[in-house]
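Going by our numbering, the residue at position 192 of the sequence shown is 222; the numbering climbs one at a time, nothing skipped.
Inspection log for the structure reproduced underneath, given as structure tokens.
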Amino acid sequence: MKVIVLGSGTGCPSKERGSAGIYVEIGGRHLLFDAGPGSLRQLVRLGVSHLQLDRVYLTHFHPDHCLDVFAILFAMRHPYPPRTSPLLLAGPPGLKRLYASVNRAFRRWFEPKTYRLTLKELGERSVERLPDARLTVRPMRHTTTAFGYRLESRHGIIAYSGDTDVCDAVVELGRHADVLILECSMPDARKVAGHLTPSECGRIAAASGCRHLALVHLNPIFQGNDIRAPIRRHFKGRLTIARDGQQLYPLRAPFRTEVRLSKE
31 MKVIVLGSGT
41 GCPSKERGSA
51 GIYVEIGGRH
61 LLFDAGPGSL
71 RQLVRLGVSH
81 LQLDRVYLTH
91 FHPDHCLDVF
101 AILFAMRHPY
111 PPRTSPLLLA
121 GPPGLKRLYA
131 SVNRAFRRWF
141 EPKTYRLTLK
151 ELGERSVERL
161 PDARLTVRPM
171 RHTTTAFGYR
181 LESRHGIIAY
191 SGDTDVCDAV
201 VELGRHADVL
211 ILECSMPDAR
221 KVAGHLTPSE
231 CGRIAAASGC
241 RHLALVHLNP
251 IFQGNDIRAP
261 IRRHFKGRLT
271 IARDGQQLYP
281 LRAPFRTEVR
291 LSKE
């Protein structure tokens with residue numbers, strides 16, 4: 031199993047951090063959790079084609095978590111080469127309505143031509159069976175209906191909160207996980223309802239007993255703030271302030287994101 035952060039930021043523009051997206055490769059299958067703006071390009075930079083994606087799971091429908099779903103679907107209409115394998119797009123209730131309305135607004139440019147697209151609305155405690163893993167859904171506490179995902183296999187346990195405030199479900203989501211990926215949107219002094227702060231992330235990680243806490247969804251307002259100290263008051267395990275392109279599992283160095291221009 032391989033887990034890589036595509037975007038570690040929010041919807042607020044940042045030179046360093048793109049919008050939400052987590053790529054997982056497991057058992058030869060390619061999964062995407064959230065697809066914020068820029069996710070498709072980040073996949074290409076990883077060497078992963080959109081044609082390889084098997085399943086896309088959305089945590090909720092805020093633009094910084096789902097807009098590139100439509101870029102991906104549009105790219106899949108290009109016939110050279112044609113996509114032929116089926117694609118599953120799953121998320122909370124309302125997914126089918128969202129797809130239908132956006133597809134209609136763009137004159138049906140997102141409808142598949144050469145492959146089968148399945149839209150699946152998940153329940154608050156759904157369990158998805160994959161060939162080599164089990165995916166469990168838990169409801170998160172956000173400003174809209176939102177889900178967190180827990181992926182369990184013989185290779186390890188990965189949990190991803192998406193956007194959430196403190197709740198029992200996010201602790202359950204990360205129980206004894208090898209990597210718990212939590213959003214951490216704002217500093218402690220600037221708490222916003224529906225999102226987590228560093229201290230809250232530390233308490234959740236400690237309560238869950240996870241081995242490795244990785245923080246994403248970091249707002250640019252964190253610049254100049256100490257993120258680690260509030261977490262370390264509660265959580266003593268491995269801690270990663272994630273960056274775009276960083277591989278979280280198994281651990282390794284991130285790929286380089288800057289573009290080098292050749293000299294004329």
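Glycine included, C-beta positions come from ideal geometry on N, C-alpha and C.
Bear in mind the structure is a predicted one, so any value in this text is a computation, not a measurement.
Asked	Found
E288 versus S69 - alpha carbon distance	Reliability fails at E288, whose pLDDT of 35 lies under 50, so the model's placement of it is uncertain and no value is given.
Boundaries of the alpha helix (DSSP H) in which K126 is found, first to last residue	125–135
Reference A50, options T270, L243, V201, Y190, closest by Cα	Y190
Among I188, D94, F136, D193, nearest to L61 - alpha-carbon criterion	I188
A235 versus F265: straight-line alpha-carbon distance, rounded	6 Å
Contacting residues, own chain, Cβ-Cβ under 6 Å from Q277 (five flanking each side not counted)	I34
4-residue-minimum alpha helix (DSSP H) runs that sit fully inside the region 169–228, ordered along the chain	198–203
CB of L248 within 9 Å of CB of R71, strictly	no
Continuous beta strand (DSSP E) stretch holding V157: start and end	157–160
Secondary structure of H60, DSSP reduced to three states	strand
Secondary structure of G37, DSSP reduced to three states	strand
Through-space distance from G41 to W139, alpha-carbon basis	25 Å
Straight-line gap, R268 to R241 (C-alpha atoms, nearest Å)	6 Å
Pairwise C-alpha distance: R137 and P280	42 Å
Nearest neighbour of Y87, chosen from P228, L165, I251 [CA to CA]	L165
R268: first and last residue of the uninterrupted beta strand (DSSP E) it sits in	268–271
Closest residue to E202 among D218, G178, K221, S215 (Cα-Cα distance)	G178
Counterpart residues of A120 in DSSP-defined beta bridges	Y87, K150
Straight-line Cα distance separating D256 from S295	As displayed, the chain neither begins before 31 nor continues past 294, which places residue 295 out of reach and without an answer.
Given I52 as reference, the closest of F104, A101, R85 once Cα atoms are compared	R85
Under the three-state DSSP convention, the category L70 falls into	helix
Close beta carbons around L181, own chain, < 6 Å, minus the five adjacent residues each side	A163, L165, I188
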